[in-house]
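This report refers to the structure that appears directly beneath it.
Residue numbers (the numbering used here): 122 to 423.
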């Protein structure tokens with residue numbers, strides 16, 4: 122089984138234009154991330170747009186020996202099609218250049234779980250328990266090819282994988298989750314404040330460290346799980362409906378129902394005591410629609 126890792130990057134960020142070439146540890150953010158990915162035992166390709174504004178992005182990757190494919194800025198899915206055409210593979214890893222602290226060890230682990238489990242789509246984002254900024258998606262090439270040929274929704278063309286994970290009746294999905302929920306930690310780069318946070322983490326030694334090593338270097342309050350002490354017992358209903366019970370210290374304290382009536386339209390009903398509402402809302406933000414897309418959960422990712 123061959124695996125291709127495609128990193129998407131462009132200059133035209135809405136909130137922080139040009140962020141992929143901003144300095145991190147003395148080099149462009151993109152180069153910093155690509156060097157981290159050099160530890161992977163799979164081919165890595167950069168997918169950027171064919172706009173002249175993205176010539177420096179392509180040059181940055183080429184300067185460190187990473188192949189580049191270029192296609193439409195708006196049709197990111199089409200860029201992945203170009204990558205797969207030029208670099209055929211059985212499975213494709215999707216990464217984004219706003220995740221400079223991506224851990225190649227975690228990427229390799231999720232690839233292994235994907236290959237061993239046989240799912241069409243595996244990620245640590247459909248149930249987010251890793252810090253935001255360690256996003257890894259792996260999709261079977263046949264499923265990605267179907268998306269490339271059939272996706273008509275602009276959001277599915279822009280975000281690459283929704284065509285697959287929105288169709289759990291057609292494609293098998295798997296989530297890799299960590300035992301401790303840490304999705305509240307923000308390691309991605311969308312704003313100037315995010316960039317400074319990553320620079321500070323790198324200055325503290327995150328250049329070559331695994332994500333767990335980076336985590337231990339954080340202050341205790343940054344490491345604390347968002348819902349410390351909460352266990353979640355999920356009782357699935359229909360594919361578009363899920364009932365959840367929040368359990369604290371072994372006692373059921375709240376219940377809620379998440380229902381998806383259409384793609385992107387979610388309603389919530391709950392019986393949650395007032396003191397628990399903020400924590401419950403934060404939890405729901407992470408799992409509301411995504412929980413409905415899971416076929417099975419793979420636990421214990423490092």
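Even for Gly, the Cβ is constructed at its ideal location relative to N, Cα and C. Bear in mind that the values here come from a model prediction, so they are computed numbers and not experimental data.
Quick one: residues in its chain with C-beta nearer than 8 Å to the C-beta of residue i, no 5 flanking neighbours on either side, listed in chain order?
i, result
"residue 142", "132, 149, 150, 151, 177, 178, 181"
"residue 338", "322, 325, 326, 327, 330"
"residue 312", "136, 137"
Rounded to whole angstroms, what's the CA-CA distance from residue i to residue j? Just pull it up for me.
i, j, result
"residue 359", "residue 308", "Residue placement at residue 359 cannot be trusted, given a pLDDT of 44 that sits under 50; what the coordinates show is reported in the next sentence. Between residue 359 and residue 308, the C-alpha separation is close to 34 Å."
"residue 324", "residue 136", "24 Å"
"residue 140", "residue 317", "11 Å"
"residue 210", "residue 270", "17 Å"
"residue 138", "residue 394", "43 Å"
"residue 243", "residue 314", "30 Å"
"residue 236", "residue 267", "19 Å"
"residue 122", "residue 215", "17 Å"
"residue 247", "residue 319", "24 Å"
"residue 302", "residue 250", "4 Å"
"residue 272", "residue 147", "40 Å"
"residue 304", "residue 174", "33 Å"
"residue 185", "residue 300", "36 Å"
"residue 156", "residue 274", "34 Å"
"residue 158", "residue 263", "24 Å"
"residue 223", "residue 254", "7 Å"
Is the beta carbon of residue i less than 8 Å from the beta carbon of residue j?
i, j, result
"residue 99", "residue 171", "Missing from the structure shown is residue 99; the chain here goes from 122 to 423 and no further."
"residue 221", "residue 154", "yes"
"residue 189", "residue 129", "no"
"residue 165", "residue 124", "no"
"residue 265", "residue 201", "yes"
"residue 241", "residue 292", "yes"
"residue 187", "residue 167", "yes"
"residue 213", "residue 127", "yes"
"residue 238", "residue 295", "yes"
"residue 217", "residue 191", "no"
"residue 297", "residue 219", "no"
Tell me residue i's beta-bridge partners as DSSP assigns them.
i, result
"residue 253", "307"
"residue 126", "165, 214"
"residue 191", "169"
In its own chain, which residues sit with a C-beta less than 7 Å from the C-beta of residue i, not counting the 5 before and 5 after it?
i, result
"residue 160", "225"
"residue 183", "189"
"residue 134", "140"
By Cβ distance, which residues of its chain are closer than 6 Å to residue i, with the 5 residues on each side in sequence left out?
i, result
"residue 258", "215, 244, 282"
"residue 199", "192, 193"
"residue 233", "none"
"residue 195", "none"
Original post:
Between the region 329–337 and the region 264–283, are three or more C-beta pairs nearer than 8 Å?
Top reply: Because the criterion of three Cβ pairs below 8 Å is not met, the region 329–337 and the region 264–283 do not touch.
Subject >> Contact between the region 285–293 and the region 229–237 (3+ Cβ pairs under 8 Å) >> reply: no
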